[in-house]
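Notes for the one structure printed next.
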Amino acid sequence: MPVTVGAPALHSSASRFSQGAAPVRHRQAKLAAGARRRQQLVRNLFTGIVQGTAELVDIKDSPGLRTVRVALPPARAENVQIGASVALNGTCLTVTAIDGNVLSFDMIEETLRRTNLGELREGGVVNFERSARVGDEIGGHNVSGHVHTVATVKSVTETENNQRWEFEVGDAARWMKYIFSKGFISVNGCSLTVGEVTESTFSVYLIPETLRVTTFGALQEGARVNIEIDAMTQSVVDTVEIVVKRTMEEKGL
6 MPVTVGAPAL
16 HSSASRFSQG
26 AAPVRHRQAK
36 LAAGARRRQQ
46 LVRNLFTGIV
56 QGTAELVDIK
66 DSPGLRTVRV
76 ALPPARAENV
86 QIGASVALNG
96 TCLTVTAIDG
106 NVLSFDMIEE
116 TLRRTNLGEL
126 REGGVVNFER
136 SARVGDEIGG
146 HNVSGHVHTV
156 ATVKSVTETE
166 NNQRWEFEVG
176 DAARWMKYIF
186 SKGFISVNGC
196 SLTVGEVTES
206 TFSVYLIPET
216 LRVTTFGALQ
226 EGARVNIEID
236 AMTQSVVDTV
246 EIVVKRTMEE
256 KGL
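Numbering (the working numbering), first residue to last: 6 to 258.
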């Protein structure tokens with residue numbers, strides 16, 4: 006009898022434990038998801054919301070390396086530390102020295118070759134964005150600061166309330182497949198929405214605030230800009246290509 010009476014009690018206790026564990030597992034899942042989102046933010050580093058422009062005050066070349074000193078607005082240089090990541094024209098660079106609001110960055114030959122930073126001269130200005138921190142608003146899209154290619158300003162058309170900019174993409178055969186109308190793209194570090202797309206060009210529309218805060222207002226036709234493709238778009242396109250290729254091979258097509 007004791008065994009018979011005790012068995013339901015044990016079952017009831019286990020049931021209550023199981024019911025109580027469900028919310029715990031749910032909370033743990035939410036915490037894990039939040040951690041993954043935070044890790045994703047840290048990996049992507051930037052949001053594509055340019056924080057302003059900075060002036061190049063000094064450039065020093067040495068074998069295989071160029072060191073630039075850039076003056077940020079004092080308020081934007083607060084609490085910056087050596088080793089921090091800052092995007093200049095959308096290129097992720099590491100702070101190597103600090104002198105007040107003047108930050109130093111080292112650039113290797115690959116960076117100078119792949120981006121437009123090698124064209125800069127003392128007195129020139131660049132877009133800048135300090136790296137995102139956990140809890141920051143992502144007003145643009147996830148930007149890594151790894152420039153894929155450069156594009157040339159093909160035309161600028163004035164409209165009543167904005168400007169239409171058209172860009173000719175370098176190595177278009179490789180990169181245009183990742184650029185879609187209404188998709189994201191980073192141009193000189195600025196998160197923008199793509200307008201029209203052709204085989205080798207794409208357009209964006211810039212509002213007065215974007216022209217005011219960034220270097221776009223000073224650019225002219227023929228200027229070169231850094232382009233970073235949206236990582237999610239690139240991942241989807243590459244995955245689809247792999248699946249289609251594999252399917253065709255399996256069917257002998």
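Heads up, the beta-carbon is just placed ideally off N, CA and C, and yes, glycines get one too.
Practice item. Figure out for me which residue from Ser67, Asp243, Arg135, Ala177 has the closest Cα to the Cα of Gly53. Key: Checking every option, the nearest Cα to that of Gly53 belongs to Arg135.
**Study point:** Helix, strand or coil at Ser196 according to DSSP, with G and I counted as helix
**Key:** Correct three-state label for Ser196: strand.
Practice item. Within 10 angstroms of the Cβ of Asn166, are there 16 or more other Cβ atoms? Answer buried if so, exposed if not. Key: The C-beta of Asn166 has fewer than 16 other C-beta atoms within 10 Å across all chains shown, which makes the residue exposed.
Check your understanding: How many Å lie between Val91 and Gly175 at the Cα?
Key -> 25 Å
Exercise for review: Report yes or no: do three or more beta-carbon pairs, one from the stretch 174 to 189 and one from the stretch 228 to 236, lie closer than 8 Å?
Suggested key: yes
Exercise for review: Determine the extent of the alpha helix (DSSP H) in which Ser240 is found, giving its start and end residues.
Suggested key: 236 to 255
Exercise for review: Determine the extent of the alpha helix (DSSP H) in which Thr116 is found, giving its start and end residues.
Suggested key: 114 to 119
Practice item. Please go through the stretch 49 to 84 and give each complete beta strand (DSSP E) segment of 3 or more residues, from N-terminal end onward. Key: 57 to 67, 70 to 76
Review point. Is the number of C-beta pairs between the stretch 144 to 163 and the stretch 185 to 194 that are closer than 8 Å three or more?
Key: yes
Practice item. Flag this pair as yes or no: are the beta carbons of Thr96 and Gly88 separated by less than 8 Å? Key: no
Review point. Terminal residues of the continuous beta strand (DSSP E) containing Glu171?
Key: 168 to 174
**Study point:** Three CB pairs or more closer than 8 Å across the stretch 70 to 78 and the stretch 99 to 117
**Key:** yes
Check your understanding: Which first and last residues belong to the beta strand (DSSP E) in which Leu122 is found?
Key -> Looking at the DSSP string, Leu122 is not in any beta strand (DSSP E), and its letter there is neither H nor E.
Check your understanding: Beta-carbon separation of Ala76 and Val107 under 8 Å?
Key -> yes
Practice item. Using the Cα positions of Leu197 and Gln56, report the straight-line distance between them to the nearest angstrom. Key: The alpha-carbon separation between Leu197 and Gln56 amounts to approximately 14 Å.
Point to revise | Same chain only: Cβ atoms within 8 Å of Phe129, ignoring 5 sequence neighbours per side | key: One point to set straight first is that residue 129 is Gly, not Phe, in the sequence displayed. The residues are Glu60, Leu61.
Check your understanding: If you count every other CB in all the chains shown that lies within 10 Å of the CB of Thr244, and 16 or more means buried, which is it?
Key -> exposed
Review point. Nearest CA to the CA of Val139: which residue from Ala156, Leu50, Ala102?
Key: When each option's Cα is compared against that of Val139, the closest is Leu50.
**Study point:** Local Cβ density within 10 Å of Leu258, reported as buried at 16 or more and exposed below that
**Key:** exposed
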